[in-house]
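Residue numbers (my numbering), protein chains in the order written: chain A, 1 to 134; chain X, 1001 to 1134; chain Y, 2001 to 2134.
Reading through the structure tokens given below for one structure.
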Amino acid sequence: MPATGTVNLATARTMEFVDITAAIQQAVRDTGVADGLCVVYNPHTTAGLTINEGADPAVQADILAALQVIVPMRHPFTHQEGNSPAHIMASLMGSSVSVLVAAGRLQLGTWQKIFFCEFDGSRSRQVRWQLMVG
Amino acid sequence: MPATGTVNLATARTMEFVDITAAIQQAVRDTGVADGLCVVYNPHTTAGLTINEGADPAVQADILAALQVIVPMRHPFTHQEGNSPAHIMASLMGSSVSVLVAAGRLQLGTWQKIFFCEFDGSRSRQVRWQLMVG
Amino acid sequence: MPATGTVNLATARTMEFVDITAAIQQAVRDTGVADGLCVVYNPHTTAGLTINEGADPAVQADILAALQVIVPMRHPFTHQEGNSPAHIMASLMGSSVSVLVAAGRLQLGTWQKIFFCEFDGSRSRQVRWQLMVG
């Protein structure tokens, strides 16, 4: 199997977190590579990637609520499309995450999940991943 | 060609985004490496790197405007140099970006560009890049 | 020596930065690898990693002070554990940092140090690192 690929997803709301951990873990396993570094990349400019707690969905809701307080939603932005807050949130979260891989498994912490962060949905989205051999 | 190098740039304003995509793409092409991961690293503590929309310059202006609302610019900070907001923005944007490379090309999304984020200019700056073979 | 490992640390305060540069540099040196990319990974969901100025400790204090202004500390969050601000700060700082390595040395800028960012201490913590050969 190639050590790079794409995961497609569809978001349902304007802002939401989508847990992509299982899809990335499956892709890593399918490569047959035991040890390395998995980089997940988001090619969209109004979405991001983050790693945070997945056990209690309230954490995801709280992060999204906080971002809407942190980012000035009613500022007189100049970008005519009207989605400047989504662009700003994208840069605050970041465009990629890197996770160590050992024995074919993502070395996430006990409570960690990888989240695709939609800030301007709903949309069809994709993330790309690459597994670098360690 | 070596798979690592430096891109020099000069910033003109206190805060500005500088599109370094073409310079990084050229450096990647010059290595002759087809597939891998390009890591771009910022060695400065009052600047950062981000990937966001490059088509409409208003997006860059809006992100910079938002950062000046998000970060408390008039807080009684203790760092005597007076540029604590620039240090904070540096950590919010991050010190590196990672981009997948396929067939010698950065795998950026349609609207994405790589931006050097100046928060305490004008200055002579540099970014370092490294291409890891996939 | 293996090219991956763990650094243990104990934090003393609710929020603090811990400079882990020397520990990561020593780990990199012990691998015997000259050139590559060092990825440092934080497996905790109420902590993060950042690279910023280490010369004046006031910068660390100012970043922590700013984060407590940026993140709404008294928002009616829904996560019952009461540490949602720490989760949000974790995502703002990010879960990993990547640093180029040349001649066995981390290629940090003159003033840069790697900081573990505790947002919900005091706790026993760990970070994992991996050195990818360039």
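Every residue gets a Cβ at the ideal spot worked out from N, C-alpha and C, and that includes glycine.
Every value quoted in this text rests on a predicted model; they were computed, and no experiment measured them.
Comparing alpha-carbon positions, which option in A:R105, A:D56, A:Q68, A:R74 lies nearest Y:H2075?
The residue with the shortest Cα to Cα distance from Y:H2075 is A:Q68.
Evaluate contact between the stretch 2105-2120 of chain Y and the stretch 2018-2036 of chain Y, counting only Cβ atoms and requiring at least three cross-stretch pairs below 8 Å.
Touching, yes.
Cα separation between A:M15 and A:C117?
Distance between the alpha carbons of A:M15 and A:C117 is about 7 Å.
For the stretch 96-108 of chain A, list every residue whose C-beta sits within 8 Å of some C-beta in chain Y, in sequence order.
Those would be V97, S98, V99, L100, A102, Q107, L108, in chain order.
Is the distance from the Cβ of X:M1132 to the Cβ of A:M93 below 8 Å?
Result no, Cβ atoms of X:M1132 and A:M93 do not sit closer than 8 Å.
For X:A1086, count neighbouring Cβ atoms within 10 angstroms of its own Cβ and tell me buried if that reaches 16, exposed if not.
Answer is buried; the Cβ neighbour count reaches 16.
Taking C-beta to C-beta, are X:V1040 and X:V1127 nearer than 8 Å?
Against a cut-off of 8 Å, the Cβ pair of X:V1127 and X:V1040 comes out as a contact.
Quick one: is X:M1073 buried, meaning 16 or more other Cβ sit within 10 Å of its Cβ, or exposed?
So X:M1073 ends up on the exposed side.
So A:G32 contacts chain X; which residues on that side make the cut at Cβ distance below 8 Å?
Going along chain X, no residue has its Cβ under 8 Å from A:G32, so there is no contact; the nearest lies around 15 Å.
Please go through the same chain and pick out, in chain order, the residues whose beta-carbon is closer than 7 Å to the beta-carbon of A:V18, but skip the five residues on each side of it.
Excluding sequence neighbours, A:V18 sits near L9, T11, F115, F116, E118.
Excluding sequence positions up to five away, which residues of its chain have a Cβ less than 7 Å from the Cβ of X:I1100?
According to the sequence displayed, residue 1100 of chain X carries Leu and not Ile. Excluding residues within five positions, the ones whose Cβ falls inside 7 Å are L1037, Q1107.
Return the chain-ordered list of same chain residues with a C-beta closer than 6 Å to the C-beta of A:G121, the five sequence neighbours on each side being excluded.
Excluding residues within five positions, the ones whose Cβ falls inside 6 Å are T11, R13, T14.
From Y:T2046 to X:W1111, what distance separates their C-alpha atoms?
Near 32 Å, if we compare the C-alpha coordinates of X:W1111 and Y:T2046.
Using CA coordinates, which residue listed in Y:I2088, Y:S2096, Y:E2053, Y:N2083 is at the minimum distance from X:N1083?
Considering only alpha carbons, the answer is Y:E2053.
Identify the continuous alpha helix (DSSP H) that holds Y:T2031 and give its terminal residues.
That run of the alpha helix (DSSP H) goes 2021-2031.
Would you mind reading off the limits of the alpha helix (DSSP H) that contains Y:V2127?
Looking at the DSSP string, Y:V2127 is not in any alpha helix (DSSP H); the run it does join, the beta strand (DSSP E), is 2124-2133.
Given that A:V59 touches chain Y, what residues does it touch there, using C-beta distances under 7 Å?
Those are H2079, S2084, H2087, listed as they occur along chain Y.
Is there a Cβ of chain C sitting closer than 8 Å to that of A:A66, yes or no?
The structure shown contains no chain C; its protein chains are A, X and Y.
Using a Cβ-Cβ distance under 8 Å, would A:S91 count as near chain X?
Closer than 8 Å: yes.
Beta-carbon of X:G1005 versus every beta-carbon of chain Y: anything under 8 Å?
Cβ-Cβ to chain Y under 8 Å: no for X:G1005.
Considering only residues of the same chain and omitting the five flanking positions on each side of Y:S2095, which have a CB-CB separation below 6 Å?
Cβ neighbours of Y:S2095 beyond the five flanking positions: N2042.
Whole angstroms are fine: how far does the CA of X:K1113 sit from the CA of X:A1061?
Each residue's Cα considered, the two are about 14 Å apart.
Tell me the residue span of the beta strand (DSSP E) that contains A:V99.
96-102 is the extent of the beta strand (DSSP E) around A:V99.
From the DSSP output, which residues share a beta bridge with X:F1115?
Answer by DSSP bridge pairing, in chain order: X:D1019, X:T1050.
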